[in-house]
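Participant: The structure under discussion is supplied below as structure tokens; questions concerning it will follow.
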Amino acid sequence: MPLECGRVKTRDIAVEKQRIRQLAAEGKASRAELLEAESASYHSPGTCTFYGTANSNQMMMEVMGLHVPGAAFVNPGTGLRTAMNRAAMHRLAKIALNQPDERPLGTCVDERAIVNAIVGLLATGGSTNHAIHLPAIARAAGVLIDWQDFDELSGAVPLLARVYPGGAADVNQFHAAGGMAFTIRTLLDAGLLHGDIPTVAGDSLAHYARDPAMDGDQLVWRDVPESRDESILRSVSSPFRADGGMRLVKGNLGRAIFKTSAVDEERWTIEAPARVFEDQESVQAAFKAGELDRDVVVVVRGQGPQANGMPELHKLTPALGVLQDRGFKVALVTDGRMSGASGKVPAAIHLCPEAMAAGPIARVRDGDVIRLCAQKGQLDVLVDAAEFLSRPAATIDASGPGTARELFAFFRTGSDDAEAGASAMLRAAGL
Numbered sequence: 002m003p004l005e006c007g008r009v010k011t012r013d014i015a016v017e018k019q020r021i022r023q024l025a026a027e028g029k030a031s032r033a034e035l036l037e038a039e040s041a042s043y044h045s046p047g048t049c050t051f052y053g054t055a056n057s058n059q060m061m062m063e064v065m066g067l068h069v070p071g072a073a074f075v076n077p078g079t080g081l082r083t084a085m086n087r088a089a090m091h092r093l094a095k096i097a098l099n100q101p102d103e104r105p106l107g108t109c110v111d112e113r114a115i116v117n118a119i120v121g122l123l124a125t126g127g128s129t130n131h132a133i134h135l136p137a138i139a140r141a142a143g144v145l146i147d148w149q150d151f152d153e154l155s156g157a158v159p160l161l162a163r164v165y166p167g168g169a170a171d172v173n174q175f176h177a178a179g180g181m182a183f184t185i186r187t188l189l190d191a192g193l194l195h196g197d198i199p200t201v202a203g204d205s206l207a208h209y210a211r212d213p214a215m216d217g218d219q220l221v222w223r224d225v226p227e228s229r230d231e232s233i234l235r236s237v238s239s240p241f242r243a244d245g246g247m248r249l250v251k252g253n254l255g256r257a258i259f260k261t262s263a264v265d266e267e268r269w270t271i272e273a274p275a276r277v278f279e280d281q282e283s284v285q286a287a288f289k290a291g292e293l294d295r296d297v298v299v300v301v302r303g304q305g306p307q308a309n310g311m312p313e314l315h316k317l318t319p320a321l322g323v324l325q326d327r328g329f330k331v332a333l334v335t336d337g338r339m340s341g342a343s344g345k346v347p348a349a350i351h352l353c354p355e356a357m358a359a360g361p362i363a364r365v366r367d368g369d370v371i372r373l374c375a376q377k378g379q380l381d382v383l384v385d386a387a388e389f390l391s392r393p394a395a396t397i398d399a400s401g402p403g404t405a406r407e408l409f410a411f412f413r414t415g416s417d418d419a420e421a422g423a424s425a426m427l428r429a430a431g432l
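For any residue, its number in our numbering is found by taking its place in the sequence shown, counting from 1, and adding 1.
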């Protein structure tokens, strides 16, 4: 039976939400049914129970040692959370500027902490958004990383957790199974985390290998020697996968991220004709019209940081999932962002250089055959090289719908590409 804690839903609700989303995409579920399924998935205050960007952030704060140990997934509105908040304020007073145990952020965030963050992301199957965020965080700390680092670490770090969308359990169930305390313990024991980093709790990451609990009125931390549910969380010695499941794919279309941990291995290689779009709504319209009922690589361009700020393309997942379930070979290639929601469909995301910067994706046409292969790290359009290079790049309309977007034009036009962190401020500062 799945673990439950407090008001935690069963893991079946996460699966049901995905099912209803796909039915809604086909017009087989009403808006009321969709809202009911969505509401059942967000059952209390706090971040969503989906293991997307917000919860991946909280995970990284643990493995970087940047908040009170065990704080990541303690539910709001509980006595334990209140005690944790109080402990955080007391600790902050002791490590603040000019205090005896002063610990500025610039001291705590070094190369070791950045590597720990990537390792934690890979071991837990976290959000692909951090393939953008972490290079930006690292640059601000004076450290340069790129997707090659993610790819190489992914080959050394096993996947230890199965949390929705990479599994059926939610983050509350992950926490109940041992959560970050057990994850950090098993990674430290295997030598896969830097344990000697300065943290807000002390001079060792070992402080974070223990689970917070209330002993009467006292806040205590306890060892978590083993996983409480191996269908959700496992040790390094018996992982779900031998690798961390985030691959770099590259070729004549550029460089992109492929989250293999969310995709069945038999779908890691897709070769099919392209259908090119420049927004999510056009994809949805073509799906509803039956134009995508075939083997297809859906190309969605003009979605990068310079074009429109790189909003999440969350509307694509249900429709592409339906096509895959119908037996078609389907993949997504985009210079846009999918977060942790790319789910079960093979997807090459955050493609660099983006279409707005006249990247190769801007020369792709309907019918071009594209090969995406996670095993070989390949992303190529199978078109004669001379012909492909002679094509004019598509013009990307970045004007947008208005609503004061002009005020933020600098952040788009001055942005780095996704692999560098998609940051206008770091670029302007010369970092």
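Virtual Cβ for every residue (Gly too), placed ideally from N, Cα, C.
Give me, in chain order, the residues of the same chain whose beta-carbon lies closer than 7 Å to that of valine 116; leave out the 5 immediate sequence neighbours on both sides.
Facilitator: Excluding residues within five positions, the ones whose Cβ falls inside 7 Å are His195.
Participant: Take asparagine 130 and list the residues in its own chain whose beta-carbon comes closer than 6 Å to its own, dropping the five residues that flank it on each side.
Facilitator: Same-chain partners within the cutoff: Thr54 and Ser340.
Participant: Within the chosen definition, does the stretch 140 to 159 reach the stretch 249 to 257 through at least 3 CB pairs nearer than 8 Å?
Facilitator: Short answer: they touch.
Participant: So for methionine 215, helix, strand or coil by DSSP?
Facilitator: It is a strand residue.
Participant: To the nearest angstrom, report how far apart proline 159 and proline 226 are at their CA atoms.
Facilitator: Taking the straight line from one Cα to the other gives about 19 Å.
Participant: Hey, could you find the ends of the alpha helix (DSSP H) leucine 154 is sitting in?
Facilitator: Segment 148 to 155, the alpha helix (DSSP H) holding leucine 154.
Participant: Report the three-state DSSP secondary structure of glutamine 23 (helix, strand or coil).
Facilitator: Here glutamine 23 sits in helix by DSSP.
Participant: For aspartate 326, name the three-state secondary structure that DSSP assigns.
Facilitator: Helix, per DSSP.
Participant: Beta carbon of threonine 270, beta carbon of cysteine 109: below 9 Å?
Facilitator: No, the Cβ-Cβ distance between threonine 270 and cysteine 109 is not below 9 Å.
Participant: Where DSSP assigns a beta bridge to aspartate 369, which residues make up the other side?
Facilitator: The partner list for aspartate 369 (beta bridge, DSSP) is empty, contrary to what the question assumes.
Participant: Out of Leu154, Gln19 and Gly121, which has the shortest C-alpha to C-alpha gap to serine 57?
Facilitator: Here the closest residue by C-alpha is Gly121.
Participant: Tell me the rounded alpha-carbon separation between glutamate 231 and alanine 178.
Facilitator: If I take the Cα positions, the gap works out to 8 Å.
Participant: Just curious, the alpha helix (DSSP H) that alanine 421 is in, first and last residue?
Facilitator: Run containing alanine 421: none; DSSP gives neither H nor E here.
Participant: Quick check: the Cα distance between proline 166 and tyrosine 52, rounded to an integer number of angstroms?
Facilitator: Between proline 166 and tyrosine 52, the C-alpha separation is close to 7 Å.
Participant: Distance, Cα to Cα, leucine 36 vs alanine 26?
Facilitator: Between leucine 36 and alanine 26, the C-alpha separation is close to 13 Å.
Participant: Between Glu34, Ala399 and Pro361, which has its C-alpha nearest leucine 383's C-alpha?
Facilitator: Answer by Cα proximity: Pro361.
Participant: Cα-Cα, which of Arg223, Gly143 and His208 is closest to histidine 214?
Facilitator: Rather than histidine, the amino acid found at residue 214 in this sequence is alanine. Of Arg223, Gly143 and His208, the residue nearest in Cα terms is Arg223.
Participant: Taking 7 Å as the limit between beta carbons, can you name the residues of its chain near leucine 188, skipping five residues before and five after?
Facilitator: Counting only Cβ-Cβ distances below 7 Å, and skipping sequence neighbours, we find Val120, Ala124, Leu194 and Val237.
Participant: Rounded to whole angstroms, how far is the Cβ of aspartate 152 from the Cβ of leucine 249, which I believe are closer than 8 Å?
Facilitator: Correct: roughly 4 Å between the Cβ atoms.
Participant: Find the nearest neighbour of arginine 268 within the set Met311, Arg372 and His208, judged by alpha-carbon distance.
Facilitator: If we check each option's Cα against that of arginine 268, Arg372 comes out closest.
Participant: By how many angstroms is the C-alpha of leucine 106 removed from the C-alpha of arginine 295?
Facilitator: Answer to the nearest angstrom: the Cα atoms are 51 Å apart.
Participant: Quick test of your reading: alanine 38 and isoleucine 21, contact by CB under 8 Å. State the CB separation rounded to the nearest angstrom.
Facilitator: The Cβ separation is near 4 Å, so the contact holds.
Participant: Rank Val172, Phe175, Tyr209 and Thr200 by C-alpha distance to the C-alpha of aspartate 190 and give the top, closest one.
Facilitator: When only C-alpha atoms are compared, the closest one is Tyr209.
Participant: Do leucine 352 and valine 331 count as a contact pair if the criterion is CB distance below 9 Å?
Facilitator: No, Cβ-Cβ distance for valine 331 and leucine 352 is not below 9 Å.
Participant: Rounded to a whole number of angstroms, what is the C-alpha to C-alpha distance between glutamate 420 and serine 128?
Facilitator: Taking the straight line from one Cα to the other gives about 15 Å.
Participant: Got a sec, what are the start and stop residues for the beta strand (DSSP E) arginine 87 sits in?
Facilitator: Unbroken run through arginine 87 is the alpha helix (DSSP H), 80 to 96; no beta strand (DSSP E).
Participant: Quick one: what does DSSP say glutamate 313 is sitting in, helix, strand or coil?
Facilitator: Reduced to three states, the DSSP call for glutamate 313 is strand.
Participant: Would you list, in sequence order, the uninterrupted alpha helix (DSSP H) runs of no fewer than 4 residues that lie entirely inside the stretch 243 to 306?
Facilitator: Qualifying alpha helix (DSSP H) stretches, in chain order: 281 to 289.
Participant: May I ask you to report which of helix, strand or coil DSSP gives valine 144?
Facilitator: Coil at valine 144, not helix or strand.
Participant: I need the straight-line Cα distance from leucine 433 to glutamine 376, nearest angstrom please.
Facilitator: Outside the modelled stretch of the chain, which goes from 2 to 432, sits residue 433, for which no answer is possible.
Participant: Looking at alanine 399: is its Cβ nearer than 9 Å to the Cβ of glutamine 307?
Facilitator: It is a contact, given that the beta carbons lie within the stated cut-off.
Participant: Count the other CB atoms, across all protein chains shown, that sit within 10 Å of the CB of threonine 200; report buried if there are 16 or more and exposed otherwise.
Facilitator: The residue in question, threonine 200, is buried, as its Cβ has 16 or more Cβ neighbours within 10 Å.
Participant: When we look at the beta-carbon of alanine 356 and count the other beta-carbons within 10 Å, is it buried (16 or more) or exposed?
Facilitator: Buried, because 16 or more other Cβ atoms sit within 10 Å of the Cβ of alanine 356.
Participant: Compute the distance between the beta-carbons of threonine 184 and leucine 220, then report whether it is under 9 Å.
Facilitator: No; because the gap between Cβ atoms is not below 9 Å, this pair is not in contact.
Participant: Consult DSSP for arginine 428 and reduce its assignment to one of helix, strand or coil.
Facilitator: It is helical.
Participant: Is the stretch 271 to 285 touching the stretch 313 to 320 in the sense that three or more CB pairs, one from each, lie closer than 8 Å?
Facilitator: Yes: the two stretches touch, three or more of their Cβ pairs being nearer than 8 Å.
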